[in-house]
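Student: Just passing along the structure, written as structure tokens.
There are 2 protein chains.
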Amino acid sequence: MTLTERQMMILRAIVRDYTNSGVPVGSKALAQQLPIHVSSATIRNEMATLESSGLIKKTHSSSGRVPSIKGYRFYVDHLIQPDPVRQNDINLIQSSLGSDFHKIDDIISQSANILSNLTSYTAFTLPPELQESRLSGFRLVPLGKRQVMAILVTDDGNVQNRAFDVPEGITADQLEPVVRLINDQLVGHTLPDVLARLNTDIPVEVSHYVTSPEGFLAIFGDVLRKAAQERFYIGGRLNVLNYSDDQDVDSLKSLYQLLDTNDDLADIIGKPSNQMQVRIGNEITNDVLKNYSLITATYDVDQHGQGMIAILGPTRMQYSRVIGLVDAFREELAKKLLDYYQHYGE
Amino acid sequence: MTLTERQMMILRAIVRDYTNSGVPVGSKALAQQLPIHVSSATIRNEMATLESSGLIKKTHSSSGRVPSIKGYRFYVDHLIQPDPVRQNDINLIQSSLGSDFHKIDDIISQSANILSNLTSYTAFTLPPELQESRLSGFRLVPLGKRQVMAILVTDDGNVQNRAFDVPEGITADQLEPVVRLINDQLVGHTLPDVLARLNTDIPVEVSHYVTSPEGFLAIFGDVLRKAAQERFYIGGRLNVLNYSDDQDVDSLKSLYQLLDTNDDLADIIGKPSNQMQVRIGNEITNDVLKNYSLITATYDVDQHGQGMIAILGPTRMQYSRVIGLVDAFREELAKKLLDYYQHYGE
DNA sequence: CTTAGCACTTGAACCTTATGAGTGCTAAAA
DNA sequence: TTTTAGCACTCATAAGGTTCAAGTGCTAAG
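Chains as they are written, first to last, in this note's numbering: chain S, 33 to 378; chain X, 33 to 378.
Quick look at the structure:
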């Protein structure tokens, strides 16, 4: 699809106006606003062309124009001019990330809140990829008669726990050497490494101490997998109520339901790949989100891997503003995390 | 306020009809439905009396009647006949609570979901009072260069953790004897006990091992207090969207905001006292809830203390149905928890 | 004390109409 | 060939009007 300069100018203005006001854009308003001097009739002719290309559409036969999915797509791919981020917002980000955090996840969850506040949409944040996170320690704490709490800690400050019944035929004391073995042999290794060794040499070693270690090692594997699971944080759930005003209650409910099922959401957001990706309306492979847009971006923390942040908003989201903000935020977050690792890392 | 038998019969019917249908109740419908044979005109006369007593009101000058806050109050205090709980629902409760849980809190959070499903309103659940929960263990796990994760476990399966920097002048190794001391001296005691001793003999004992233990003991106290904090669970957040249909978006937002601030909610729900308490509309000391009703009930787990469950719904909640359900649920939950403690407790 | 009868009120649903923002098309101007 | 003035046409929205049914209060008779 090739557009003339003027057509692009018009499309850009339509998207800008419509995402700002939510009202279909008419030829007269465009004629007044555009830097070129043409009459509204000329604009109308151009708009007819844009419409026949499927980039804009009418809401009814005599209404102004609204961008189509294809139009937003073209805008984002070719026309967008990210808004410069206001110094105010930069300051807000920096001061919100400025305090002392005790865990990576605190920074990440705080980030979801900042991002949702800045954008007025809904924000998702994921910590740096877990391939890089390492086992810091494993402990047992007796709870009651035959119940024990298994606790696993990773070097990014994540703690996972699970209570379990000590299998018949073993006492809690007998498990102590196994715990020591795990700490001696596995601490400092990445979680995937540890998971791998759980299927190879570890069972052999453990069987020196306990006759049937399967039950216990299953628990350990369980907690380990829980720690290795994709975690992520959501900020601005409530903003949904603003930006999907004309939706019915049922679709609101399904959206909220989706926001509560981490697995589905993690699937939708996906893995770090492109620096920034914009998916609009039905480009998102989930029917519940077919009236929304999703911006995902990665951030790099050097050798600690990549993480992701994402923004969910209406298809008529203010792309230029949000993309500017997300881009600025990636940078600040990466800085903060580097700081954190430098301070606490090995 | 004294009402005749007939007036009470009419008020009861108005509340029942209105809470079921949400439509103002007229004299004709009542005349047909009531077991006595009087004309609608007679009913109208009685309704006028009830209205002048402030128990019912009109939505406009020629509408049917709707109960007032005062009317609901009278109904709940004097007229209510709790619905018998269907065997179906009992079965649902029992099977939902039937699986094997690893923590008290899993049972409690599951309870919030069951209750909200059963009632179609929003449910809150709190574990048995924490005065009774005991310290099971305290562990440290080194994280990075100078960072350590402190982990505290209580006998009801609650795990709290906090990362901290080892104070200058102490090494992580030096803390080991202190951790041992805490485990030797404090495990098995209730959290309030432990907190008390943290201000008396413990600092003295610890100072044998470490020269300036204040920093570390502050951390320990921190985690301890976190574990002793009121925890609670919410189920059926989404149901709000159903039962407050005629509210505007702003009040919805404030309600959701309230649901996200545990402290305020804990205040509103309060401490275990009466077996069951019904607060209607502005009887709740919070403006956001002035159009809602809150039913709170306690449950007893013998020597393990009392917990609470609560239901939030519209003022025109189906009181008789919900009160029946809540009452049945208290019993089942208490049974389940006793089971749990018997199985795992000391 | 009860009730039939009746005038009156009101929200809801349904039209009708006016308004105005916007369109497409035509024919003339550039 | 491109632009533009002019104009008929379309449609959403808001405002006003009508009808309908449900409900009320009141009066006077049973």
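Here a beta-carbon is modelled for each residue, glycine too, at the ideal position from N, C-alpha and C.
Counting only runs of 4+ residues fully inside the segment 259-347 of chain X, write out the alpha helix (DSSP H) ranges in chain order.
Tutor: Those alpha helix (DSSP H) runs which fall completely within the segment 259-347 of chain X and span 4+ residues are 272-275, 281-292 and 294-301.
Student: Which of the three DSSP states is assigned to Pro67(X) in this structure?
Tutor: Residue 67(X) sits at position 35 when you count from the first residue of the second sequence. Three-state result, Pro67(X): coil.
Student: Flag this pair as yes or no: are the beta carbons of Ile46(X) and Ser59(X) separated by less than 8 angstroms?
Tutor: Stepping through the second sequence from its first residue, residue 46(X) is reached at position 14. Stepping through the second sequence from its first residue, residue 59(X) is reached at position 27. No; because the gap between Cβ atoms is not below 8 angstroms, this pair is not in contact.
Student: If you check the beta carbons only, do Ile122(S) and Ala298(S) fall under 8 angstroms apart?
Tutor: Working through the first sequence from its first residue, we reach residue 122(S) at position 90. Working through the first sequence from its first residue, we reach residue 298(S) at position 266. Going by C-beta atoms, Ile122(S) is not nearer than 8 angstroms to Ala298(S).
Student: Is Arg257(X) buried or exposed, if buried means 16 or more other CB atoms sit within 10 Å of its CB?
Tutor: In the second sequence, residue 257(X) corresponds to position 225, counting from 1. Burial call: exposed.
Student: Can you check the segment 179-223 of chain S for any alpha helix (DSSP H) of at least 4 residues that lies completely inside it and give the ranges in chain order?
Tutor: Counting only runs of 4 or more, we get 204-218.
Student: Does the beta-carbon distance from Pro174(X) to Val333(X) come in below 8 angstroms?
Tutor: Counting from one through the second sequence, the residue named residue 174(X) turns up at place 142. Counting from one through the second sequence, the residue named residue 333(X) turns up at place 301. It is not a contact, given that the beta carbons lie outside the stated cut-off.
Student: Taking Gly302(X) as the reference, which of Phe264(X), Gln65(X) and Ser239(X) has the closest Cα?
Tutor: As a first step, residue 302(X) must be located in the second sequence, where it is residue number 270. Cα-wise, what sits closest to Gly302(X) is Phe264(X).
Student: Is there a Cβ of chain X sitting closer than 8 angstroms to that of Tyr331(S), yes or no?
Tutor: The sequence position of residue 331(S) within the first sequence is 299, counting from 1. Not an interface residue.
Student: Give, in chain order, every residue of the segment 193-210 of chain S whose Cβ lies closer than 9 angstroms to some Cβ of chain X.
Tutor: Of all residues in the segment 193-210 of chain S, Asn193, Arg194, Ala195, Phe196 and Asp197 have a Cβ within less than 9 angstroms of some Cβ in chain X.
Student: Could you give the distance in angstroms between the alpha-carbon of Leu35(X) and the alpha-carbon of Thr91(X)?
Tutor: The sequence position of residue 35(X) within the second sequence is 3, counting from 1. The sequence position of residue 91(X) within the second sequence is 59, counting from 1. If I take the Cα positions, the gap works out to 23 angstroms.
Student: Please state whether the Cβ-Cβ distance between Ile146(S) and Ser352(S) is less than 8 angstroms.
Tutor: Numbered from its first residue, the first sequence carries residue 146(S) at position 114. Numbered from its first residue, the first sequence carries residue 352(S) at position 320. No. Outside cutoff.
Student: Compare the beta carbon distance of Pro99(S) and Gly356(S) with 8 angstroms and say whether it is the shorter of the two.
Tutor: Indexing the first sequence from 1 puts residue 99(S) at position 67. Indexing the first sequence from 1 puts residue 356(S) at position 324. No.
Student: Could you tell me the alpha carbon to alpha carbon distance between Asp296(S) and Gly339(S), rounded to whole angstroms?
Tutor: As a position in the first sequence, residue 296(S) is number 264, starting the count at 1. As a position in the first sequence, residue 339(S) is number 307, starting the count at 1. Approximately 18 angstroms, taken between the alpha carbons.
Student: How close, in whole Å, do the beta carbons of Ile312(S) and Ile300(S) come, if the pair is a contact with beta carbons under 8 angstroms?
Tutor: Walking along the first sequence from the start, residue 312(S) turns up at place 280. Walking along the first sequence from the start, residue 300(S) turns up at place 268. Contact doesn't hold; Cβ gap of about 14 angstroms is too wide.
Student: Going by the CB atoms, is the gap between Thr222(S) and Arg171(S) shorter than 8 angstroms?
Tutor: Here residue 171(S) corresponds to residue number 139 of the first sequence, with the count starting at 1. Here residue 222(S) corresponds to residue number 190 of the first sequence, with the count starting at 1. No, Cβ-Cβ distance for Arg171(S) and Thr222(S) is not below 8 angstroms.
Student: In or out: His375(X) buried (at least 16 other Cβ within 10 Å) or exposed?
Tutor: Residue 375(X) sits at position 343 when you count from the first residue of the second sequence. Flag for His375(X) reads exposed.
Student: Please tell me whether Tyr265(X) has its Cβ less than 8 angstroms away from any Cβ of chain S.
Tutor: Here residue 265(X) corresponds to residue number 233 of the second sequence, with the count starting at 1. No - not a single Cβ of chain S is within 8 angstroms of the one on Tyr265(X).
Student: Across which residues does DSSP place Lys90(S) in a beta bridge pair?
Tutor: The sequence position of residue 90(S) within the first sequence is 58, counting from 1. In DSSP, Lys90(S) forms a bridge with Arg97(S).
Student: Throw me the rounded Cβ distance for the Asn271(S) and Ser141(S) pair, which I believe falls under 8 angstroms.
Tutor: By 1-based counting over the first sequence, the position of residue 271(S) is 239. By 1-based counting over the first sequence, the position of residue 141(S) is 109. Not confirmed; about 16 angstroms, so no contact.
Student: Rounded to a whole number of angstroms, what is the C-alpha to C-alpha distance between Ser128(X) and Val242(S)?
Tutor: The sequence position of residue 128(X) within the second sequence is 96, counting from 1. The sequence position of residue 242(S) within the first sequence is 210, counting from 1. So the two alpha carbons sit approximately 36 angstroms from each other.
Student: Under 7 angstroms between beta-carbons, which chain X residues line up against Ser283(S)? List them in chain order, please.
Tutor: Against the first sequence, residue 283(S) aligns to sequence position 251. In chain order: nothing, as chain X lies at least about 11 angstroms away.
Student: Starting from Pro235(X), trace the beta strand (DSSP E) both ways and give me its first and last residue.
Tutor: The count along the second sequence starts at 1 and reaches residue 235(X) at position 203. It is not in any beta strand (DSSP E) - Pro235(X) instead sits in the alpha helix (DSSP H) that spans Asp233 to Val238.
Student: Quick one: is Arg348(S) buried, meaning 16 or more other Cβ sit within 10 Å of its Cβ, or exposed?
Tutor: Position 316 of the first sequence, counted from the start, is the residue given in the question as residue 348(S). The residue is buried, with at least 16 neighbouring Cβ atoms inside 10 Å.
Student: Taking the C-alpha atoms as reference points, what is the distance between Asp132(X) and Val55(X)?
Tutor: Here the question's residue 132(X) lines up with position 100 in the second sequence. Here the question's residue 55(X) lines up with position 23 in the second sequence. Cα to Cα, the separation comes out at about 44 angstroms.
Student: Does any CB atom of chain S fall closer than 8 angstroms to the CB of Lys90(X)?
Tutor: Your numbering for residue 90(X) matches position 58 in the second sequence. So no, Lys90(X) is outside the interface.
Student: So if DSSP puts Leu175(X) in a beta bridge, which residue, or which two residues, is it bridged to?
Tutor: Position 143 of the second sequence, counting from 1, holds the residue named residue 175(X). DSSP, once it has assigned bridges, lists no residue as partnering Leu175(X).
Student: Tell me the DSSP secondary structure of Glu378(X) in three-state form.
Tutor: Counted from its first residue, the second sequence places residue 378(X) at position 346. Legend: pLDDT at Glu378(X) = 46, less than 50; position of this residue unreliable, no value from coordinates given.
Student: Return helix, strand or coil for Gly169(X), following the three-state DSSP convention.
Tutor: Mapped onto the second sequence, residue 169(X) falls at position 137. The answer is strand: DSSP assigns Gly169(X) an E or B state.
Student: So which of Tyr50(X), Gln192(X) and Met40(X) has the shortest CA-CA distance to Met181(X)?
Tutor: Residue mapping note: residue 181(X) aligns to position 149 of the second sequence, counting from 1. If we check each option's Cα against that of Met181(X), Gln192(X) comes out closest.
Student: Quick one: is Arg212(S) buried, meaning 16 or more other Cβ sit within 10 Å of its Cβ, or exposed?
Tutor: As a working note, residue 212(S) is residue 180 in the first sequence. Its Cβ having fewer than 16 others within 10 Å, Arg212(S) is exposed.
Student: My guess is that Thr151(S) and Ile343(S) are in contact by the Cβ rule of under 8 angstroms, so how many angstroms apart are they, rounded?
Tutor: Here residue 151(S) is taken as the residue at index 119 of the first sequence, counted from 1. Here residue 343(S) is taken as the residue at index 311 of the first sequence, counted from 1. That pair is a contact at about 6 angstroms.
Student: Round the Cβ separation of Val281(S) and Leu321(X) to the nearest angstrom and send it over; I've been treating them as touching at under 8 angstroms.
Tutor: What you label residue 281(S) is simply residue 249 of the first sequence in a count that begins at 1. What you label residue 321(X) is simply residue 289 of the second sequence in a count that begins at 1. So it is not a contact: roughly 21 angstroms between Cβ atoms.
Student: Looking at Arg97(S): is its Cβ nearer than 8 angstroms to the Cβ of Val57(S)?
Tutor: Along the first sequence, one-based indexing puts residue 97(S) at 65. Along the first sequence, one-based indexing puts residue 57(S) at 25. Their beta carbons are under 8 angstroms apart, which means Arg97(S) touches Val57(S) by this criterion.
Student: Looking at C-alpha atoms only, which residue of Asp49(X), Arg38(X) and Asp292(X) is the closest neighbour of Val70(X)?
Tutor: For the purposes of this step, residue 70(X) is identified with residue 38 of the second sequence, where counting begins at 1. Among Asp49(X), Arg38(X) and Asp292(X), the Cα nearest to that of Val70(X) belongs to Arg38(X).
Student: Going by the DSSP bridge assignment, what does Ala155(X) pair with across the sheet?
Tutor: Translated into the one-based positions of the second sequence, residue 155(X) becomes position 123. Answer by DSSP bridge pairing, in chain order: Gly267(X) and Ile343(X).
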